[in-house]
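Read in order, the letters of the sequence shown correspond to residues 1 to 214 in the working numbering. Take a look at the structure set out below.
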Amino acid sequence: WTRIPLVQNGTVDLECGSTTNNVERQQQVGFTVGIFEVGTRLLTKVKDGQPAYKDFPDLAGKNVVTTAGTTSERLLKAMNADKQMKMNVISAKDHGEAFNMLESGRAVAFMMDDALLAGEMAKARKPADWVITGTPQSYEIYGCMVRKDDAAFKKAVDDAIVGYFKSGEVNKSYDKWFNQPIPPKGLNLSFPMSDELKKLIAEPTDKAADEKKS
1 WTRIPLVQNG TVDLECGSTT NNVERQQQVG FTVGIFEVGT RLLTKVKDGQ
51 PAYKDFPDLA GKNVVTTAGT TSERLLKAMN ADKQMKMNVI SAKDHGEAFN
101 MLESGRAVAF MMDDALLAGE MAKARKPADW VITGTPQSYE IYGCMVRKDD
151 AAFKKAVDDA IVGYFKSGEV NKSYDKWFNQ PIPPKGLNLS FPMSDELKKL
201 IAEPTDKAAD EKKS
């Protein structure tokens, strides 16, 4: 997981991806205002029109996959230990490998950020066979990473993001990429904007989701 060192050592000035802003990472890097907000949920098979496993308690004693090095992996392992669920937690090297384990039956559910689950579901051979379910175990705000000591650069990026939000252009972009077919394969994520993301756009913050609630 090399994103943080590359920002710290100056190889990259700005990293914008699916990087969760949390208190632990704030010790190492700076974060811009949030650019996206997700909930950590489950992807599972549809059975008789319903999720095969509706929520996290249903996964006791089951094989559950997540992606190595992610917040979801940490949450899933902590839940497994705290609630003595006896899950077999499988850590895949990336989201694609995790979904392959789910699709092949080696795991009954895949825990990850809901937007990333929507992306894997859209790429499936039969997207209708899969469903995102479960009570969110956390809300995660993605931010762009910058070096901690570069306040002027952070402000420039923050101002650009906030301007983009205020212009309303963000709503058009979101609709284009999350609710319409995406070239070249015409995949549609069918992922409407959440209330949490609408609030983040209306009230930009560079705090982590857990800080925001405290």
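Note that beta-carbon positions come from the ideal geometry of N, C-alpha and C, so glycine has one too.
Residue environment analysis places W130 among the buried positions, since at least 16 neighbouring C-beta atoms fall within 10 angstroms of its C-beta. Counting every other CB atom within 10 Å of its CB across the protein chains shown gives D195 a total below 16, marking it as exposed. By the criterion of a C-beta distance shorter than 8 Å, Y164 is surrounded in its chain by V170, once the five residues flanking it on both sides are discounted. Distance between N188 and L116, taken at the CA atoms: about 13 Å. Unbroken alpha helix (DSSP H) stretches of 4 residues or longer found wholly inside the region 144-172: 151-167, given in chain order. Residue state for A124 is assigned as coil, using DSSP reduced to three classes. Under the DSSP assignment, G39 falls in the beta strand (DSSP E) whose first and last residues are 30-47. The bridge partners DSSP lists for M112 are R41. Non-local C-beta neighbours of I132 in its own chain, meaning closer than 8 Å and more than five positions away in sequence, comprise R41, L42, L43, D114, L117, A118, M121, ordered along the chain.
Nearest to A151 by C-alpha distance, out of N179, D206, A107, is D206. Going by DSSP, S91 is part of the beta strand (DSSP E) stretching over 88-92. DSSP places V131 in no alpha helix (DSSP H) but in the uninterrupted beta strand (DSSP E) bounded by 130-133. Beta-carbon to beta-carbon, T20 and I141 are separated by about 7 Å, close enough to satisfy the 8 Å threshold. A Cβ-Cβ contact shorter than 7 Å links V29 with K148.
DSSP, reduced to helix, strand and coil, places P51 within a strand of the structure shown.
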